[in-house]
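Below is one structure, written out as structure tokens; the observations come after it.
Residue numbers (the numbering used here): 100 to 226.
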């Protein structure tokens, strides 16, 4: 299952007392969506987190989570190798990814009125 965070880069615990409203929905496919709106700047941050990391690897067969993170930039049947990043960059944004012990995350920062681009690209990459 993935976690999607959009339009904000704040701690997203509803009881944090930060005065931010977190919209939370779970889609029929199990995708958990968290949305925080912050209108101080015309920028959107979009995250997709998968609950898989190095802790899910077997002893002697390590590094697969990090390898898969890099392979996700190799393209899909509809988006060529490194094209995801090129599309984001052409539209004034930047993207990256990381692998941790418990999760692997992909994120994009982009002009807010172009948020549809990383959403569509990540949806394509998830399939």
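Just so it is clear, CB atoms sit at the ideal spot from N, CA and C, and this is done for glycine as well. All values reported here derive from a predicted model rather than from experimental measurement.
Whose C-beta lies closer than 7 Å to the C-beta of residue 208 among residues of the same chain, with five residues either side of it excluded? Locating residue 208 in the chain shown gives position 109, counting from the first residue. Excluding positions up to five away in sequence, the list reads 142, 144, 192 and 193.
May I ask you to report which of helix, strand or coil DSSP gives residue 150? The residue you call residue 150 lines up with position 51 of the chain shown. Three-state result, residue 150: coil.
Please work out which residues of its chain come closer than 6 Å, Cβ to Cβ, to residue 168, disregarding the five sequence neighbours upstream and downstream, and give them in chain order. For the purposes of this step, residue 168 is taken as residue 69 along the chain shown, with counting starting at 1. Correct list, in chain order: 196, 198 and 203.
Whole angstroms are fine: how far does the CA of residue 121 sit from the CA of residue 111? As a first step, residue 111 is located in the chain shown; it is residue number 12 there, counting from the start. As a first step, residue 121 is located in the chain shown; it is residue number 22 there, counting from the start. Its pLDDT being 46, under 50, residue 111 is placed unreliably by the model, and the measurement read from it follows with that caveat. The alpha-carbon atoms of residue 111 and residue 121 are separated by roughly 7 Å.
Could you check what DSSP says for residue 155 in three-state terms: helix, strand or coil? Against the chain shown, residue 155 aligns to sequence position 56. Helix, per DSSP.
Spatial neighbours of residue 165 in its chain, beta-carbon cut-off 7 Å, leaving aside the 5 residues before and after: Along the chain shown, one-based indexing puts residue 165 at 66. Here the set comprises 198.
Nearest-angstrom Cβ-Cβ length linking residue 123 and residue 133, presumed shorter than 8 Å: Position 24 of the chain shown, counted from the first residue, corresponds to residue 123. Position 34 of the chain shown, counted from the first residue, corresponds to residue 133. Contact flag correct, Cβ pair sits at about 5 Å.
Stretch-stretch touch, CB-based, cutoff 8 Å, three pairs: the region 147–164 with the region 173–182: no
Quick check on DSSP: helix, strand or coil for residue 172? By one-based count along the chain shown, residue 172 stands at place 73. It is coil, neither helix nor strand.
Please list the segments of the beta strand (DSSP E) lying wholly inside the region 185–219, counting only runs of 3 or more residues, in order along the chain. 193–198 and 203–210
Going by the DSSP bridge assignment, what does residue 123 pair with across the sheet? Taking the chain shown and counting its residues from 1, the one referred to as residue 123 is at position 24. Paired residue(s): 133.
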